[in-house]
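Residue numbers (my numbering): 33 to 349.
Structure below.
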């Protein structure tokens, strides 16, 4: 009876097919993706990646880019700086162009002035660099030309490691003088009113034996009596020990460093080696400096000239 009653109730119950709670309307904006949230997340991630890149880059990029970093990183006196100059592979032509430009020539003369003001002022200088190809020979020739304006100056090529250099390959020079096959007057090359070049010559033996001989020290003493300034171009510190042996016979060493190249830690290790041998470090010259990193007064004038050339005056009507 109860089951029959339930069936009768279910038959009499009329249930609708569907119940509409809310009417269907088109959405005002999509629920996903949330573009604003994605933009915020992207900006935050990019910022974090950039900060990490800056920190890692600063830790790995330990090169010298400006003159002030010479004193900060190497505890070495900055004698001057030279900007990027030309694309010519002829060193002598580059030196002439450098000296013919008054503003750039002042940067060489500023290095000369720093050496003249040093106490005591070094009469015989050894120029070296950490690695080859940093512009050591160019700076040596330009600096010697600056001294030769009013002083008898001798430029000596003693780079027996690299093929290129200040002197021709087959020209007799210092090696022949020390070996006794040539006299000093036979090998000296006059390059100006006060500038003389002593080529390196063709060496038949070891440079280490030649530089430790008493003949080299005697010859250098003789040259001191005839020239007010002597500039010696030597191989890089990483190539040979020639620079260290020559520096013992001279008044000091000037380090030539190329901007954005050598690591400060490597330079510091090389300088510590020179200090342990009690070699006097006169200072350093930073070569091939980007215009944005020039810090000397002469560099500021050079930048102002470039800015002035880019500004075209407007003619009044």
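Positions of the beta carbon are idealized from the N, C-alpha and C atoms, including for glycine. Just so we're clear, the structure is a prediction, and the values are computed from it rather than from any experiment.
Residue i by DSSP, collapsed to three states: which one?
| i | result |
| --- | --- |
| residue 67 | helix |
| residue 158 | strand |
| residue 320 | strand |
| residue 315 | strand |
| residue 150 | coil |
| residue 276 | helix |
| residue 281 | coil |
| residue 289 | strand |
| residue 72 | helix |
| residue 55 | coil |
| residue 142 | helix |
| residue 117 | coil |
| residue 268 | coil |
| residue 173 | helix |
| residue 181 | coil |
| residue 331 | helix |
| residue 34 | helix |
| residue 347 | Confidence in residue 347 is poor, its pLDDT being 43 and thus under 50, which makes the residue's placement too unreliable to answer from. |
| residue 164 | coil |
| residue 342 | Residue placement at residue 342 is poorly supported in this model, since its pLDDT is 47, which falls under 50; the coordinates still yield a value, given next. In this structure, residue 342 counts as helix in the three-state DSSP scheme. |
Less than 6 Å between C-beta atoms, sequence neighbours within five positions excluded: which residues of the same chain meet that for residue i?
| i | result |
| --- | --- |
| residue 281 | 249, 252 |
| residue 330 | 138, 139, 142 |
| residue 184 | 226, 259, 260 |
| residue 109 | 315 |
| residue 334 | 135 |
| residue 56 | none |
| residue 189 | 197, 198, 199, 231, 232, 265 |
| residue 292 | 95, 97 |
Under the criterion of a Cβ to heavy atom distance below 6 Å, does residue i qualify as lining the ligand PLP?
| i | result |
| --- | --- |
| residue 309 | By its list of ligands, the structure shown contains no ligand whatsoever, and the ligand PLP lies outside what it can speak to. |
Which partner residues of residue i appear in the DSSP bridge assignment?
| i | result |
| --- | --- |
| residue 112 | 317 |
| residue 295 | 95 |
| residue 61 | Its beta-bridge partners do not exist; DSSP assigns none. |
| residue 22 | The displayed coordinates of the chain run from 33 to 349. Any statement about residue 22 would go beyond what the structure contains. |
Please work out which residues of its chain come closer than 7 Å, Cβ to Cβ, to residue i, disregarding the five sequence neighbours upstream and downstream, and give them in chain order.
| i | result |
| --- | --- |
| residue 297 | 94 |
| residue 145 | none |
| residue 117 | 126, 130, 136 |
| residue 345 | Because residue 345 carries a pLDDT of 46, less than 50, the predicted location of this residue cannot be relied on, and no value is offered for it. |
| residue 38 | none |
| residue 214 | 204, 208 |
| residue 176 | 185, 187, 227, 263 |
| residue 309 | 276 |
Grab me the residues of residue i's own chain with a C-beta within less than 8 Å of its C-beta, minus the 5 sequence neighbours each way, in chain order.
| i | result |
| --- | --- |
| residue 289 | 96, 102, 161, 162, 166, 299, 316, 317, 318, 319 |
| residue 100 | 110, 327 |
| residue 294 | 95, 96, 162, 163, 166 |
| residue 254 | 216 |
| residue 242 | 207, 210, 235, 248 |
| residue 245 | 210 |
### Task
State whether the region 182-199 contacts the region 281-291, with contact taken as three or more CB pairs (one from each stretch) at a distance under 8 Å.
By the Cβ test, the region 182-199 is not in contact with the region 281-291, since fewer than three Cβ pairs between them sit closer than 8 Å.
#### Entry: At least 3 beta-carbon pairs within less than 8 Å: the region 162-175 vs the region 202-219
no
### Task
Within the region 185-259, note down every full beta strand (DSSP E) run reaching 3 residues or more, in order along the chain.
The beta strand (DSSP E) runs of length 3 or more contained entirely in the region 185-259 are, from start to end of the chain, 185-189, 227-230.
### Query
Are three or more beta carbon pairs between the region 174-188 and the region 227-244 nearer than 8 Å?
Cβ pair count under 8 Å is three or more, so yes.
### Three CB pairs or more closer than 8 Å across the region 268-276 and the region 212-227
Output reads no: the region 212-227 does not touch the region 268-276.
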